[in-house]
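Under this note's numbering, the residues of the sequence shown are numbered 11 to 149, in order.
Built from N, CA and C at the ideal position, the CB exists for glycine as well.
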Amino acid sequence: MKNRILSTVLAFAMVLAMIPPAFAESVSEPDKAAQIDGEQYDTLAQAIEAAEDGDTITLLKDVTGFTNEELTGNKNTPVFLINKDITLDGDGHKLEAGTFTTTRNPIIGVENNGEDSAQVTIRDLTVVGNAGTGHGINV
């Protein structure tokens with residue numbers, strides 16, 4: 011009788027031990043790419059456009075596969091141009107380039123036009139280029 015109870019308890023414990031991994035596999039990647047003060051945006055470019063001086067843009071997921079197709083022929087134009095005083099918080103995520111043409115555009119560009127240049131803080135972010143990308147961050 012004691013063996014039957016012990017085996018039942020152990021079987022129940024084994025089933026309970028398998029529950030957390032089952033739930034962990036169902037966790038999905040966020041749909042939105044970035045947020046500013048809780049307002050979420052589909053793309054990083056949309057968040058940069060919406061940002062105002064002093065805002066912090068926080069990535070909600072890795073931003074991967076972006077290209078420079080629209081920029082072909084504009085070698086010095088970055089994929090993501092920041093022209094405001096903001097903080098870009100990668101929150102441990104990465105920007106990883108997709109296929110780039112031979113124009114070698116920078117991935118992030120910080121506008122520098124003399125006295126009125128953007129002041130940008132970038133933290134906890136990995137920028138991954140490839141053979142076709144230019145600079146990772148261009149100031």
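| Query | Result |
| --- | --- |
| What residues match up with D99 in a beta bridge as DSSP calls it? | T68, R133 |
| Where I147 and L91 are concerned, what is the direct C-alpha to C-alpha distance, given to the nearest angstrom? | 10 Å |
| Would P116 and G144 qualify as a contact pair, given that the criterion is a beta-carbon distance under 8 Å? | yes |
| Which class does I46 belong to by DSSP, given the choice of helix, strand or coil? | strand |
| Using three-state DSSP, classify G75 as helix, strand or coil. | strand |
| With 16 as the cutoff for other CB atoms within 10 Å, does V138 come out buried or exposed? | exposed |
| Roughly how many whole angstroms lie between the Cα atoms of D65 and A55? | 14 Å |
| Kindly list the residues whose CB is nearer than 6 Å to the CB of R133, restricted to its own chain and excluding five residues on each side of it in sequence; keep chain order. | D99 |
| Expressed to the nearest angstrom, what Euclidean distance is found between the alpha-carbon atoms of A34 and K71? | With a pLDDT of only 48 at A34, under the threshold of 50, the placement of this residue in the model should not be trusted; the figure read from the coordinates follows. Approximately 17 Å between the Cα atoms of the pair. |
| Hey, K94 and A61 are a contact pair by Cβ (cut 8 Å); roughly how many whole angstroms apart? | 6 Å |
| Span of the alpha helix (DSSP H) holding E59? | 54–60 |
| Give me the Cα-Cα distance between A107 and E125, rounded to the nearest whole angstrom. | 31 Å |
| Within a Cβ cutoff of 6 Å, which residues of the same chain sit near P40, ignoring the five residues on either side of it in sequence? | L70, K71 |
| By a C-beta neighbour count over all protein chains shown, 10 Å radius and 16 as the cutoff for buried, is N78 buried or exposed? | buried |
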